[in-house]
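Residue numbers for the sequence shown follow the numbering used here, beginning at 217 and rising by one. First the structure, in the form of structure tokens, and then the observations on it.
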Amino acid sequence: MNLINKRAARTVPGSIAFKLSPVAAGCAVFMALASHAALAQETTSGQDAAATGASNSSIQTVQVTGIRRGIEAAISVKKNNDSIVEAISAEDIGKLPDQSIAESIARLPGVTAQRTNGQAAVISIRGMSPDFSTGLLNGREQVSTGDSRGVEFDQYPSELLSGVVIYKTPDGALVGQGLSGTVDLQTVRPLDFAKRTMAVNYRREKTGLGMDNDKGHGNRFTFSYIDQFANRQIGVAFGFARLQGKSGDTTRFESWGNGTAKYNGQDVNVPYNGFNAWTDGYSQSRNGLMGVIQYRPSKDFTSTVDLLYTKYDRNNRTRGIQMPLNDGTNNAYDQPGQLINPVLSGNNVTSGAFNNVRAVLRNDAVSWSDTTKSIGWNNKLRVTQDWTANLDLSYNSAERTGTNIETYGSSTTLDTVKFTAGSENFVPGLNYADPNVVKLTDPQGWGGADIQAGYVKFPHVYDKIDAIRLDATRDLPEGMFFSKLTAGVNVSNRSKTREYTEDLLSVKGSSSPFATEAYPAGSGSGMAAGTGINVITFDPVANLNALYDLKQKMHPDITNKDWIVNEKVTTAFAKLGIDSQLGSMPLRGALGLQMVHTKQDSTAYSVDTAGGTSDATRPTSPVSAGTSYNDFLPSLNLIGDLGNQQALRFSLSKIMARPTLNDMRASGNFGYDATRGIYNGSGGNPKLDPFRAKGIDLSYEKYWDSKAYVSAAVFYKKLDTYIVTTSRTIDYTPYLQPTTVKAPTNIGLFSSPVNGNGGNIKGVELAASMPLNVFSRYLDGFGVVANASQNSSAVNLPDTAEGGSGTMGLPGLSRRVASLTLYYEKAGFSARAAERYRSDFIGEVATNTGDRELTYINGDKVLDLQFGYEIQTGPMKGLSFLVEMNNVNDAHFKRYRKTKDNVIEDTRYGRTVLFGLNYKM
């Protein structure tokens, strides 16, 4: 075996990334392989032409721009990186094509997004939930506005980013990596640009097209400026992005599932136990500011300060109706609904009616304001010819403040409601839009002993992290197997605080639970989803203080929402670059090791639910707990050069993902269980260890310079442990108070997240990017970018989804994922059609208590179209026009309970059409 150092100069673009999208799997790879001969011939011809051209006195340079520029830059990143990565690159300054970076990321191979309010928000990599990946900005860990770790990428304006790199295998020198992958967002470096560059973009959009309800509108504005001063020793970049708009009405139908009812003394199957029907709309405003200052007084020293600030405000309005039909427990005031006049098919009711129905009218308002701040200062100094030192300081914070108002109304008269199986259309006997029929009131007694004619929550989340990194790199002597050594240490401190205040609403000036108040003057009406039921509407924000008295709600569950989690993570790392030869095969890559020490703790409250005389007087005491642990994370990435621009990649690694922060809270409720004679409780677990796994990857890649590539990859992750919620035995002594009811023993049961058994996840990924002129010159300008993946998992978890029982699969896992982009770009004209697909999966949604719960979500396809023209000559050179259509196929968001025929939510958003102008100089 002959191991020789073969350091060849490889050009790695300073910028990055890739314009993604992609495929009907095998088709793309077959098409790409079929073009092998054509591309090879083109390369040979190009070499001959280059040789001829070299003898000429003048050489013409062709600059690639637009869609092709983004694709080729992304291919270069994928080709030259030591890890297995996917990449996105802006086609031009300030010109990533999607509204948020989440939309762009979701088109990459093996990557999916879950839609929130019709837009991609959180990202799953290789079939694992968002909590298993991490988000970085310029290599620095980012915090989140939610109550967990998963970064909500819709917070980041795509126009302010130059690209994204997704690491599917670890990099030994990259800190803050995830178990499923790592998303590194990147901003520009002004000294990488040859000259001053400015760009202005404007978009005007219409939303909710194809819906029967009101349409929405909005606009986006972006300004970007890059310049160099002082003989190119100073570079400055500045970007501003603003999004503002009002949505069209979206409809959301939530079934309470099917069930059985009594008819003539027999059990019959009814299609609906009840339902919620909502019509939603929102207004939003997002401002983003990006700034970079680079100082390079000599080739040996560079200092860079970068800043990203975003402010995202959103106001949701919901009108709707809740219908308890076949509801055996119905409410505190009325008898259960009764089935009448059914039409039967065997034992199944195909149509009929329920009487004794007291509907609840809802006019709700949910608003939140998210603010993120990220600042970093990087200093790189070449100390000697072989040594380079690097110091990096960073700070990142995210804050969310919200208000969630619910208002309730009803009629004093019980209703009879007709239904038909398979239809979301219902026929009530009352007019719920008539202010003479319906009033504001406490219709269902949801507050128990307290009056509850409405409810309001005030959530607050604050998350911050500061970090310092010091490392050094040494170029190793020629003739060694290893070419470069990088070693250093990174210390980060993170703190996340969650707080909740909640109030009961009662009709102003009344102490009776049956008190009513007329809807305010000027109230309107509107349809509740597609049910055919018209409901009364009003503005709950403007009328809150005029119509209601507020009383703070005290309850153990609310107390448990208040917590603080702290983490201090010290990472020592070393990475050896490999640039050598194995026999006759060139070999490169990296061998890395990270030694990670984590110290974590949480402060919260413990509530004795059996003490006191009411929920408001339960004994509460502060509690703190924590733990520390060490992890050794080796990684190996090898790339064998098979010749003819073919590469075989192999990766072996040990990886980890820290628990979700909500699971790490010290909060807990407990009480004396008289039936079993023990203490019993539930809560979080600040002593959790992380998810740990081992990964192996194998990938074949074929490139044609940076113009095209095809790849086929397989991966396998062995999860050594998985965090699940289960009951365990604990000693309650630290939580007992003088008022606590005494049990025979202080040893009891406590339900909380624990480190349980693991499993595995594996998959196959196919990808291709290809200009179609390799098949025929008549296809010049056309191209395709495509990918598909197939995933499977042996992880089985307790089914905690609504109405679930038994076991469920791995959250975030879609077994089939695909994306296909077809594009055309020539002579200033451009067109793009992009579709992404994912099969059914288990996702997370927010509950009405503000917590997260798992749910079954239907797979979907989302199709986007884009057409443009750029003026390339004359005084208007640099001006371009754009028409874009999103969600062209009007894909619904659907949730179901265990089986797909038991749909519990069907939300429709409609289509969006956007017109834009871009100008660059």
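Positions of the beta carbon are idealized from the N, C-alpha and C atoms, including for glycine.
Same chain, Cβ closer than 8 Å to residue i, neighbours up to 5 away in sequence not counted
| i | result |
| --- | --- |
| Ala-233 | A caution first: Ala-233 carries a pLDDT of 34, below 50, which makes its placement in the model too unreliable to give a value. |
| Ser-1009 | Gly-343, Gly-975, Asn-976, Ile-977, Lys-978, Gly-1025, Leu-1026, Leu-1029 |
| Ile-1087 | Gly-1044, Lys-1093, Gly-1094, Leu-1095, Ser-1096 |
| Val-970 | Asn-901, Leu-904, Ile-939, Val-940, Thr-941, Thr-942, Arg-944 |
Residues near residue i by beta carbon distance below 7 Å, same chain, minus five either side
| i | result |
| --- | --- |
| Lys-431 | Lys-422, Thr-423, Gly-424, Leu-425, Gly-464 |
Per DSSP, cross-strand counterpart(s) of residue i
| i | result |
| --- | --- |
| Ser-471 | Phe-491 |
| Trp-584 | Arg-530, Gly-618 |
| Thr-520 | Gln-510, Asn-594 |
| Ile-287 | Answer is none; Ile-287 lacks a bridge partner. |
| Ala-863 | Asp-857, Glu-917 |
| Gly-1084 | Ser-1046, Leu-1098 |
| Gln-444 | Gly-451 |
| Gly-355 | In DSSP, Gly-355 forms no bridge with anything. |
| Ser-869 | Ser-851, Gly-911 |
| Asn-572 | The partner list for Asn-572 (beta bridge, DSSP) is empty, contrary to what the question assumes. |
| Met-743 | Asn-750 |
| Met-1092 | Beta-bridge pairing links Met-1092 to no other residue. |
| Trp-662 | Answer by DSSP bridge pairing: none, since Trp-662 is not bridged. |
| Gln-554 | Asn-571 |
Contact set for residue i: own chain, Cβ-Cβ below 6 Å, skip 5 residues either direction
| i | result |
| --- | --- |
| Phe-409 | Ile-442 |
| Leu-854 | Gly-805, Phe-866 |
| Ala-1083 | It should be noted that the sequence gives Phe, not Ala, for residue 1083. Hits under 6 Å: Ala-1047, Val-1099. |
| Asn-620 | Val-582, Lys-673 |
| Phe-439 | Val-416, Phe-456 |
| Asn-1134 | Asn-417, Ser-1096 |
| Thr-518 | Arg-512, Lys-596 |
| Gly-507 | Phe-454, Leu-523 |
| Lys-1147 | In the structure as shown, the chain begins at 217 and stops at 1137. Residue 1147 is therefore absent and cannot be evaluated. |
Alpha-carbon spacing of residue i relative to residue j, whole angstroms
| i | j | result |
| --- | --- | --- |
| Lys-903 | Leu-952 | 20 Å |
| Gly-1132 | Leu-376 | 17 Å |
| Thr-534 | Tyr-624 | 12 Å |
| Asn-489 | Thr-1023 | 24 Å |
| Gly-827 | Gly-964 | 17 Å |
| Val-654 | Thr-833 | 36 Å |
| Ala-240 | Leu-982 | The predicted position of Ala-240 is uncertain, since its pLDDT is 41 and thus under 50; a value taken from the coordinates is nonetheless stated next. Their backbone Cα atoms lie some 9 Å apart in a straight line. |
| Asn-782 | Thr-361 | 16 Å |
| Ser-501 | Gly-1059 | 26 Å |
| Gly-999 | Pro-325 | 17 Å |
| Ala-734 | Thr-495 | 22 Å |
| Arg-574 | Ala-744 | 16 Å |
| Gly-1126 | Lys-1077 | 14 Å |
| Thr-1128 | Leu-459 | 15 Å |
Supposed close pair residue i, residue j - CB separation, criterion 8 Å
| i | j | result |
| --- | --- | --- |
| Asn-641 | Thr-467 | So it is not a contact: roughly 12 Å between Cβ atoms. |
| Ser-1144 | Asp-370 | An answer regarding residue 1144 cannot be provided, because it is not within the stretch 217 to 1137 covered by the chain. |
| Ser-851 | Ser-898 | Not quite, the Cβ-Cβ distance comes to about 38 Å (not below 8 Å), so this is no contact. |
| Gly-461 | Gly-434 | 2 Å |
| Pro-373 | Thr-526 | 7 Å |
| Ala-649 | Asn-492 | Contact doesn't hold; Cβ gap of about 18 Å is too wide. |
| Arg-420 | Leu-1130 | 7 Å |
| Ile-667 | Val-359 | Going by Cβ atoms, the distance from Ile-667 to Val-359 rounds to 39 Å, so no, they are not a contact pair. |
| Ala-669 | Asp-679 | No, Ala-669 and Asp-679 are not in contact; Cβ-Cβ is about 34 Å, not under 8 Å. |
| Asn-542 | Ile-556 | With 8 Å as the limit, Asn-542 and Ile-556 do not qualify as a contact, their Cβ atoms being about 12 Å apart. |
| Leu-656 | Thr-753 | Between Thr-753 and Leu-656 the Cβ distance is about 13 Å, and since that is not below 8 Å, they are no contact. |
| Asn-1103 | Gly-334 | 7 Å |
Limits of the unbroken beta strand (DSSP E) element including residue i
| i | result |
| --- | --- |
| Glu-1060 | 1057-1062 |
| Asn-485 | 482-486 |
| Glu-368 | Glu-368 -> no beta strand (DSSP E), and no H or E assigned at all. |
| Val-1104 | No beta strand (DSSP E) holds Val-1104; DSSP gives it neither H nor E. |
| Val-785 | 779-798 |
| Ala-637 | Per DSSP, Ala-637 belongs to no beta strand (DSSP E) and is neither H nor E. |
| Pro-987 | 963-987 |
Where the alpha helix (DSSP H) through residue i begins and ends
| i | result |
| --- | --- |
| Ala-337 | Careful: Ala-337 lies outside any alpha helix (DSSP H), inside the beta strand (DSSP E) at 335-341. |
| Asp-1170 | The structure shown does not extend to residue 1170, since the chain is modelled only from 217 to 1137, so the question has no answer here. |
| Ile-317 | 317-321 |
| Asn-759 | 756-763 |
Proximity test, Cβ basis, 8 Å: residue i and chain C
| i | result |
| --- | --- |
| Leu-849 | No chain C appears in the structure shown, which is made up of a single protein chain. |
Any non-hydrogen atom of the ligand GTP within 7 Å of residue i CB
| i | result |
| --- | --- |
| Asp-430 | Looking for the ligand GTP in the displayed structure turns up nothing, as the structure carries no ligands at all. |
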